[in-house]
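Chemist: FYI, the numbering for the sequence shown is 4 to 481, going by our numbering. Yeah, the Cβ is synthetic: ideal placement off N, Cα and C, and Gly gets one too.
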Amino acid sequence: MCYYNTGRRQNASCFYFSVKDDFDMKTEMDLTVGKVPTTLLRFAFPLFIANLLQSLYNIVDMLVVGQIVGSTGVAAISNASTLVFIVNAICLGVTTGGTVLIAQYKGAGNKQGQKDAIGTIYALTGVLAIIITIAGLATYRHVFSLMNVPIESLKDARDYMLVILCGTIFVFGYNATCSILRGIGDSIRPLIFVGIATVINVILDCIFVGLLNMGTVGAAYATVISQGMSFVISVAYLKRQNFLFDFKVRSFAVHPPIAKSVLKISLPTAIQMAVVNLSHLIIAAMLNMYGVTIAAASGIGLKINTFAGMPCWAIGSAMTAMVGQNMGAGQIDRTKKIGTTGLKINLLVTLISVVFVQLFAGRLVMLFDTSDPTVISAGIEYLRICCFWNSLIYAIMYSFDSFAVGVGAAPLAMVDALLDSFFIRLPLCSALSSFTMLGFKGVYWGQALSPIIPALIGGAYYLFDNWKTKKLADSDIA
């Protein structure tokens, strides 16, 4: 799946007015004070809504295309989205390092450190966006061939991906802005910016795909234009406010010590997220072998399951920022309590999501495709398996991994991701689908059971307390 201490402590249940270098609006939270459950939920809720709205980009694309183009269009976007997720994962991984470092500077009350970190993050993400765009344009056709994308959907998938890749700079810029705001304790403005983008995307989808009959490529144009407008609006707005970063050209500079600290978190996290989504690409290739109907059904199931995971990811993102601020402030006992509380809340909200999906599985699938009973049946089967066992086990794994990233132990989360996505999931999916009578359902079961061992590893790290001595930028924090 986007993301300050002014020297005075206040009740964390209240936002406080900014002074001098800060904002005029009451959007900043001090995550080092107040009751942990209340503070965590207050910070996480806007993140949840923002994640929900951001996921609507692709959901709306699939809904509109599914109703107008049909299952071939859904399969095209589903396959293209797997590659898009890898690009987005690299972006989110890189910007997560910024969130953690800025949160630790924030907890220590170091404003200059925050400013230098912001400039470094923008510069790094800008360069990376250009590299990813060039690499993506050079390889996406070959990747689709390796994925065995159904021939009926191949052209639409290529057209969709070409447009999306050309808008990569907007995705990276927007997520850099959101990660910076999360690090300083602001989860309101990311919600506003993604809300603007979502409204624009829905309107343009209806115009391009519905009125102008542009098909899947119209949905891609709608997504890129909406993301670009959201990024431009967010930067223009922050420039008008008394933000601690001035957005002048000279300020977009890489500070080597800060870049090193950011990359200590960003590289393992980017690898982690890219690996997870690369495994989804391989899983999609496995399911494509069963034909366009199963490919479409699995894509629909994945989208619904992703939607159900939004609360889990919001809590995890809030945990990372909150843990970062408290580690920067040296509040070890409170940091540990954040881990326990975050895990309990994550299991509860995930259980609620799972129950909802199980009760309305058929109706949810039919939102995307009502014409093919095989697609509906296979989509329901996906949700019965993956949006139950996998969701609950994954909530445990993700909570501990989010905690680890917040304290600066991103390599642990990367190892968990490698185990979950490659060394366990892929062999299990292959074995269950090839050597049992389960067929494509074996792929579903492989995905459902793969997070068990990584969840145990993350829990062990949390319990053994080695994280208590970690600090991301050492003496530079204060």
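Could you tell me the alpha carbon to alpha carbon distance between residue 388 and residue 254, rounded to whole angstroms?
Modeler: Here residue 388 refers to the residue found at position 385 when the sequence shown is read from its first residue. Here residue 254 refers to the residue found at position 251 when the sequence shown is read from its first residue. Rounded to whole angstroms, residue 388 to residue 254 spans 50 Å at the Cα level.
Chemist: By Cβ distance, which residues of its chain are closer than 7 Å to residue 157, with the 5 residues on each side in sequence left out?
Modeler: Taking the sequence shown and counting its residues from 1, one reaches residue 157 at position 154. Excluding residues within five positions, the ones whose Cβ falls inside 7 Å are 147.
Chemist: Pull up the distance between the alpha-carbon of residue 24 and that of residue 248, whole angstroms please.
Modeler: Start at 1 with the first residue of the sequence shown, and residue 24 comes out as number 21. Start at 1 with the first residue of the sequence shown, and residue 248 comes out as number 245. Because the pLDDT at residue 24 is just 39, under 50, the model does not fix this residue reliably, and the point stays unresolved.
Chemist: Within 10 angstroms of the Cβ of residue 103, are there 16 or more other Cβ atoms? Answer buried if so, exposed if not.
Modeler: Your numbering for residue 103 matches position 100 in the sequence shown. By the 10 Å Cβ count, residue 103 comes out buried.
Chemist: Return yes when the Cβ of residue 340 is within less than 9 Å of the Cβ of residue 39, no when it is not.
Modeler: Locating residue 39 in the sequence shown gives position 36, where the first residue counts as 1. Locating residue 340 in the sequence shown gives position 337, where the first residue counts as 1. Against a cut-off of 9 Å, the Cβ pair of residue 340 and residue 39 comes out as a contact.
Chemist: Residue 396 and residue 455: beta carbons closer than 9 Å?
Modeler: As a first step, residue 396 is located in the sequence shown; it is residue number 393 there, counting from the start. As a first step, residue 455 is located in the sequence shown; it is residue number 452 there, counting from the start. A contact, by the Cβ cut-off of 9 Å.
Chemist: If you draw a straight line from the C-alpha of residue 349 to the C-alpha of residue 319, how long is it?
Modeler: Counting from 1 along the sequence shown, the entry for residue 349 is found at position 346. Counting from 1 along the sequence shown, the entry for residue 319 is found at position 316. When rounded, the distance between both Cα atoms is 8 Å.
Chemist: Report the rounded CA-to-CA distance for residue 130 versus residue 229, giving the unit in angstroms.
Modeler: As a working note, residue 130 is residue 127 in the sequence shown. As a working note, residue 229 is residue 226 in the sequence shown. A direct Cα-Cα distance of roughly 22 Å separates residue 130 from residue 229.
Chemist: Spatial neighbours of residue 464 within its chain, please: C-beta separation below 8 Å, excluding the five flanking residues on both sides.
Modeler: Within the sequence shown, residue 464 is the residue found at index 461, counting from 1. Cβ neighbours of residue 464 beyond the five flanking positions: 403, 407, 412, 415, 470.
Chemist: With DSSP as the reference, label residue 438 as helix, strand or coil.
Modeler: The sequence position of residue 438 within the sequence shown is 435, counting from 1. If DSSP states are grouped into helix, strand and coil, residue 438 belongs with coil.
Chemist: Excluding five sequence neighbours on each side, which residues of the same chain lie with their C-beta closer than 7 Å to the C-beta of residue 26?
Modeler: Counted from its first residue, the sequence shown places residue 26 at position 23. Here the model assigns residue 26 a pLDDT of 42, short of 50, so the residue's position is not dependable, and the following value carries that caveat. Leaving aside the five residues that flank residue 26 on each side, the residues in its chain whose CB is nearer than 7 Å to its CB run, in chain order, 244, 245, 246.
Chemist: Among residues of its own chain, excluding the 5 on either side of residue 354, which ones have a beta-carbon nearer than 8 Å to its beta-carbon?
Modeler: By 1-based counting over the sequence shown, the position of residue 354 is 351. Here the set comprises 395.
Chemist: Could you tell me which uninterrupted alpha helix (DSSP H) segments, each at least 4 residues in length, are contained entirely in the segment 307-349, listed from first to last along the chain?
Modeler: 313-331
Chemist: Around the C-beta of residue 301, are 16 or more other C-beta atoms found within 10 angstroms, so that it is buried, or is it exposed?
Modeler: For this step, residue 301 is matched to residue 298 along the sequence shown. Residue 301 should be labelled buried.
Chemist: Under 8 Å: do the segment 262-276 and the segment 122-129 share three or more Cβ pairs, one atom per stretch?
Modeler: yes
Chemist: Do residue 390 and residue 361 count as a contact pair if the criterion is CB distance below 9 Å?
Modeler: Stepping through the sequence shown from its first residue, residue 361 is reached at position 358. Stepping through the sequence shown from its first residue, residue 390 is reached at position 387. Yes. Within cutoff.
Chemist: Distance, Cα to Cα, residue 365 vs residue 304?
Modeler: Mapped onto the sequence shown, residue 365 falls at position 362. Mapped onto the sequence shown, residue 304 falls at position 301. When rounded, the distance between both Cα atoms is 11 Å.
Chemist: Are the CB atoms of residue 64 and residue 226 within a distance shorter than 9 Å?
Modeler: Walking along the sequence shown from the start, residue 226 turns up at place 223. Walking along the sequence shown from the start, residue 64 turns up at place 61. Contact flag set, yes.
Chemist: Among 35, 72, 90, 66, which residue has its Cα nearest to the Cα of residue 111?
Modeler: Walking along the sequence shown from the start, residue 111 turns up at place 108. Ranking the options by Cα distance to residue 111, first place goes to 35.
Chemist: Taking C-alpha atoms, which residue in 342, 50, 78 lies nearest to residue 292?
Modeler: For the purposes of this step, residue 292 is identified with residue 289 of the sequence shown, where counting begins at 1. Ranking 342, 50, 78 by Cα distance to residue 292 puts 78 first.
Chemist: Kindly list the residues whose CB is nearer than 7 Å to the CB of residue 109, restricted to its own chain and excluding five residues on each side of it in sequence; keep chain order.
Modeler: For the purposes of this step, residue 109 is taken as residue 106 along the sequence shown, with counting starting at 1. For residue 109, where only same-chain residues beyond five positions count, the Cβ hits under 7 Å are 7, 8, 117, 186, 187, 188, 328, 331.
Chemist: Cβ of residue 163 within 9 Å of Cβ of residue 220?
Modeler: Position 160 of the sequence shown, counting from 1, holds the residue named residue 163. Position 217 of the sequence shown, counting from 1, holds the residue named residue 220. Contact flag set, yes.
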